[in-house]
Amino acid sequence: MITNMSLENLVNSSSQHNMGAVVQRHDGSLENHASDKRNVHEREAKQMYELVDAYLHSEIGEGFKEYITEQGKELVDIVGVGAGDLGHEGIVAAIYMNDVEGVIMSNYEGQTFSERVKALAKEYDVKEETIVEYVIAHELGHAAGYKTEATNEKFLSEYFSKQASVTNGKEREKYVSLAAIAQKREVDAIKAGK
Ligand SMILES: [Zn+2]
Numbered sequence: 238m239i240t241n242m243s244l245e246n247l248v249n250s251s252s253q254h255n256m257g258a259v260v261q262r263h264d265g266s267l268e269n270h271a272s273d274k275r276n277v278h279e280r281e282a283k284q285m286y287e288l289v290d291a292y293l294h295s296e297i298g299e300g301f302k303e304y305i306t307e308q309g310k311e312l313v314d315i316v317g318v319g320a321g322d323l324g325h326e327g328i329v330a331a332i333y334m335n336d337v338e339g340v341i342m343s344n345y346e347g348q349t350f351s352e353r354v355k356a357l358a359k360e361y362d363v364k365e366e367t368i369v370e371y372v373i374a375h376e377l378g379h380a381a382g383y384k385t386e387a388t389n390e391k392f393l394s395e396y397f398s399k400q401a402s403v404t405n406g407k408e409r410e411k412y413v414s415l416a417a418i419a420q421k422r423e424v425d426a427i428k429a430g431k
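Each residue of the sequence shown is one higher than the one before, counting from 238 in our numbering.
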């Protein structure tokens, strides 16, 4: 997943490579970054905004933000959430950020976020909502300063393992699965030098 790119890069790459994106701000306004599929990008941007917003205001999201603070880290300000063609077929989402602010984006490239989530849920044999939680926590991990894939997945596997140790039943099962996903992805990231 793409990290550490400035918001300006997003706009530039949109116009240079004929990609495009739509970003929703907190006031509900939509910014078009050279999108050539405005309807679908808008629809996907609104959906991603709702998912990220719901997570951030949920008990789970509040707990995750506290955990980030406990690690001595600070989230950059998430100023918008959007969707677009991010130039990489295989990625589900990305964060475009600098040291103070970031925009979380879902990737379209001909496949909706829901379709990508379904495929991943099948691959990892978990519920779709578990993948949504993974994807959002992953991008927020980057937003908390874990810039490489390997350091971010390590951080996530520790967080999910901790959650598994303080929950029971189905909730615990979910976090055991999430910790295993992050651990596998950490190994893959190290192998790939990411
Ligand atoms: Zn990533």
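By construction, the Cβ of each residue, glycine as well, lies at the ideal position given by its N, Cα and C atoms. A quick note: this is a predicted structure, and the numbers were derived from the prediction, not measured.
- Query: Taking one C-beta from the segment 255-273 and one from the segment 306-326 each time, how about it: are there three or more such pairs within less than 8 Å?
  - Reply: Yes, they touch.
- Message: On a Cα-Cα basis, can you pick out the residue from 376, 351 and 331 that is closest to residue 364?
- Response: Nearest option by C-alpha distance: 351.
- Message: Rounded to whole angstroms, what is the Cα-Cα separation between residue 423 and residue 380?
- Response: A direct Cα-Cα distance of roughly 17 Å separates residue 423 from residue 380.
- Message: Closer than 7 Å to a non-hydrogen atom of ligand 1 - does that hold for the CB of residue 386?
- Response: Relative to ligand 1, residue 386 has its C-beta within less than 7 Å of a heavy atom.
- Inter-residue spacing [alpha-carbon to alpha-carbon] between residue 257 and residue 330: Within the model, the alpha-carbon separation for residue 257 versus residue 330 is close to 14 Å.
- Task: Name the residue from 411, 413, 399 and 427 whose alpha carbon lies nearest to the alpha carbon of residue 300.
- Result: Of the candidates 411, 413, 399 and 427, the residue whose Cα lies closest to the Cα of residue 300 is 399.
- Task: Kindly examine ligand 1 and report whether one of its heavy atoms sits closer than 7 Å to the Cβ of residue 379.
- Result: At least one heavy atom of ligand 1 sits closer than 7 Å to the Cβ of residue 379.
- Query: Can the beta-carbon of residue 401 be found less than 8 Å from the beta-carbon of residue 416?
  - Reply: Note that the C-beta distance between residue 401 and residue 416 is below 8 Å.
- From 383, 372 and 409, pick the residue whose C-alpha is nearest to that of residue 310; which is it? Of the residues 383, 372 and 409, the one whose Cα lies closest to the Cα of residue 310 is 383.
- Hey, out of 297, 327 and 321, whose CA is closest to residue 268's CA? Considering only alpha carbons, the answer is 321.
- Query: residue 449 and residue 376 look like a contact to me (Cβ under 8 Å); what is the Cβ gap, rounded to whole Å?
  - Reply: The structure shown does not extend to residue 449, since the chain is modelled only from 238 through 431, so no value can be given for it.
- Message: Looking at residue 357: is its Cβ nearer than 8 Å to the Cβ of residue 344?
- Response: Contact: no.
- Query: Is it true that the CB of residue 288 sits closer than 8 Å to the CB of residue 373?
  - Reply: Between residue 373 and residue 288, the C-beta spacing is below 8 Å.
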